[in-house]
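Residue numbering for the sequence shown follows our numbering, beginning at 1043 and increasing consecutively.
By construction, the Cβ of each residue, glycine as well, lies at the ideal position given by its N, Cα and C atoms.
Keep in mind it's a predicted model, so treat the numbers as computed, not measured.
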Amino acid sequence: MARVCELTGKKALVGNNVSHAMNKTKRKFNVNLRTKRFYIPEEDRWITLKVSTSAIKTINKKGISAVLREVERNGYI
1043 MARVCELTGK
1053 KALVGNNVSH
1063 AMNKTKRKFN
1073 VNLRTKRFYI
1083 PEEDRWITLK
1093 VSTSAIKTIN
1103 KKGISAVLRE
1113 VERNGYI
């Protein structure tokens, strides 16, 4: 499976490694992803999501139910 956040849609960015001599080579900036289980009390079940750490912070702030409703309505957070 691709390294994409299932809630925010964040994915890797492409940039350059720049040496002291200003030589440039391509590199990839990966997303900080974690596989995490969340409990949904309304459905009385656990779900496993591959989410970015910024999405985990949002879930801690708003709650998993509110975030899932927002994702359903708008597509992404």
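Span of the alpha helix (DSSP H) holding Leu1110? Position 68 of the sequence shown, counted from the start, is the residue given in the question as residue 1110. Following the DSSP letters along the chain, one finds Leu1110 inside the alpha helix (DSSP H) bounded by residues Ile1106 to Asn1116.
Take Val1056 and list the residues in its own chain whose beta-carbon comes closer than 7 Å to its own, dropping the five residues that flank it on each side. In the sequence shown, residue 1056 corresponds to position 14, counting from 1. Around Val1056: Lys1068 and Lys1070.
Assigned secondary structure, Ile1101 (DSSP; H/G/I helix, E/B strand, else coil): Taking the sequence shown and counting its residues from 1, one reaches residue 1101 at position 59. Here Ile1101 sits in helix by DSSP.
Assign Ser1094 to one of three DSSP states: helix, strand, or coil. Taking the sequence shown and counting its residues from 1, one reaches residue 1094 at position 52. Ser1094: strand per DSSP, three-state reduction.
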